[in-house]
Amino acid sequence: MTAELESIDADGFTFDWTTVSGSVRYFNYACLGGSIEAKLVRCQMNNTNVAESFAHGLSGAPTAVILFSVLNEQPVPASRTTLYASIGAWAGGSQFSGSIWSNNGVTTTATRRILSTTKALVRVAGSIDRSLSIASVDGTNVNVTYPDTTAINQYYFWMLCIRGCRAKVGTFTLGGVLTPTEITCPGIRPKFFMPVLIPGGHVSPDAILSTMLMGVGASDGLATTSSGLTEVNNVTTTLSRRWQSNNNLDDYDSAGNLMIRSDISFGEESVIVDPTTNTSSTWGQGGYLILGDAA
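This is the structure:
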């Protein structure tokens, strides 16, 4: 399936579909509006691992940056074997990245995941061979360094740079209990919450964990959506799964069992994650980005 964004309208947006599958496909989306200024920029890493800067195209320094990549060396559109995926965010000098890997064409599956609290993009396999950290932002550029330098491939990635709001980045855990978890954001009246779920990631930050598990969610305090991918490690038959929810922040294990289901609401200066299902303290962990107005 292939679509181009034809227009952003007063009451939504319009896609122009050029390739369709013939079957109904559901997708999740989040829209940011109001006085927010945003630019989506495609970037390419250098082949030296020397610190570099990427122009963001905003009228001033960004408040928040969302980064995502499947770590291809070819310009899009491109399709490659072996699964690499990384999504992260930066705000106020803090950053995180959730990253997963699943090898292709092997007789025994090899999968990994990591939640980094020091890097905004990570390419992880048996080890981290390349990563990106945001060192600073200014009126023109997002300035980055490459802490892990085994690889020198010129991977492509995207930056969604946002200005004109308040923002906070951090990590959270639901702790294996059914009581609400309040994520405070002093000085920010939240309007948007983006969690990236990595089981075990909050208690083991920057550690490479086996088994591929990652979910991504979004909420405006009233509507919540989430989806994710799983794959089992060290088995002779692949057990790949995907899941999607249009109403909750969910988290499933690699056998397809619902591990976490949470409602999301916003306080005056906080996001409240209220689990209705919580089966393990290992689950319901990850990084988050909060966007909002001044409280």
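For the working numbering, add 706 to where a residue sits in the sequence shown, where the first one is 1. For glycine and all other residues, C-beta sits at the position ideal for the given N, C-alpha and C.
Practice task
Could you tell me the distance, in whole angstroms, from the CA atom of N810 to the CA atom of T788?
Solution key: In the sequence shown, the residue the question calls residue 810 occupies position 104. In the sequence shown, the residue the question calls residue 788 occupies position 82. C-alpha separation (whole angstroms): 5 Å.
Practice task
Tell me where the beta strand (DSSP E) around R748 begins and ends.
Solution key: For the purposes of this step, residue 748 is taken as residue 42 along the sequence shown, with counting starting at 1. Note, R748: beta strand (DSSP E), E743 to Q750.
Handout entry: Element boundaries [beta strand (DSSP E), containing A797]
Key = If you number the sequence shown from 1, residue 797 lands on position 91. That run of the beta strand (DSSP E) goes L789 to A797.
Practice task
Quick one: grab the DSSP three-state call for N849.
Solution key: Residue 849 sits at position 143 when you count from the first residue of the sequence shown. Strand, per DSSP.
Handout entry: Closest residue to S925 among L955, S946 and E937 (Cα-Cα distance)
Key = Within the sequence shown, residue 925 is the residue found at index 219, counting from 1. Selected option, being the one with the closest Cα: L955.
Practice task
Tell me whether L955 sits in a helix, a strand or coil according to DSSP, three-state version.
Solution key: Taking the first residue of the sequence shown as 1, we reach residue 955 at position 249. In this structure, L955 counts as strand in the three-state DSSP scheme.
Practice task
Run the CB neighbour count on S775, radius 10 Å, all protein chains shown included, and call it buried at 16 or more, exposed below.
Solution key: Counting from one through the sequence shown, the residue named residue 775 turns up at place 69. By the 10 Å Cβ count, S775 comes out buried.
Exercise for the section: Count the other C-beta atoms from every protein chain shown that fall within 10 angstroms of the C-beta of I840, then say buried if there are 16 or more, exposed otherwise. Expected result: As a working note, residue 840 is residue 134 in the sequence shown. Buried, by the Cβ-count rule.
Handout entry: DSSP three-state assignment for K825, whether helix, strand or coil
Key = Here residue 825 refers to the residue found at position 119 when the sequence shown is read from its first residue. It is coil, neither helix nor strand.
Problem - Status (buried if at least 16 other CB within 10 Å, exposed otherwise) for Y958 - result: Translated into the one-based positions of the sequence shown, residue 958 becomes position 252. When all chains shown are included, Y958 counts as buried.
Handout entry: Candidates N755, G990 and W989: closest to N859 by CA position
Key = In the sequence shown, counting from the first residue as 1, residue 859 sits at position 153. Checked all of N755, G990 and W989; the closest Cα to N859 is N755.
Exercise for the section: Let me know if E712 comes out buried or exposed under the rule of 16 or more other beta-carbons within 10 Å of its beta-carbon. Expected result: Reading the sequence shown from its first residue, position 6 is the one you call residue 712. The residue in question, E712, is exposed, as its Cβ has fewer than 16 Cβ neighbours within 10 Å.
Handout entry: Integer-rounded CB distance, given that T817 should sit under 8 Å from S916
Key = Locating residue 916 in the sequence shown gives position 210, counting from the first residue. Locating residue 817 in the sequence shown gives position 111, counting from the first residue. The distance from the Cβ of S916 to that of T817 is about 7 Å, consistent with a contact at the 8 Å cut-off.
Practice task
Indicate the three-state DSSP secondary structure (helix, strand or coil) for D912 in the structure shown.
Solution key: Translated into the one-based positions of the sequence shown, residue 912 becomes position 206. D912 sits in coil when the DSSP states are folded into three classes, being neither helix nor strand.
Exercise for the section: Could you tell me which residues DSSP pairs with E937 in its beta bridges? Expected result: In the sequence shown, counting from the first residue as 1, residue 937 sits at position 231. Partner(s): M918.
Exercise for the section: Just mark S727 as buried or exposed, buried being the case when its beta carbon has 16 or more other beta carbons within 10 Å. Expected result: Walking along the sequence shown from the start, residue 727 turns up at place 21. So S727 ends up on the exposed side.
Exercise for the section: Just confirm the distance between the C-beta atoms of P886 and D980, as a whole number of angstroms; I'd bet it's less than 8 Å. Expected result: Along the sequence shown, read from residue 1 onward, the residue named residue 886 stands at position 180. Along the sequence shown, read from residue 1 onward, the residue named residue 980 stands at position 274. About 4 Å; that satisfies the 8 Å criterion.
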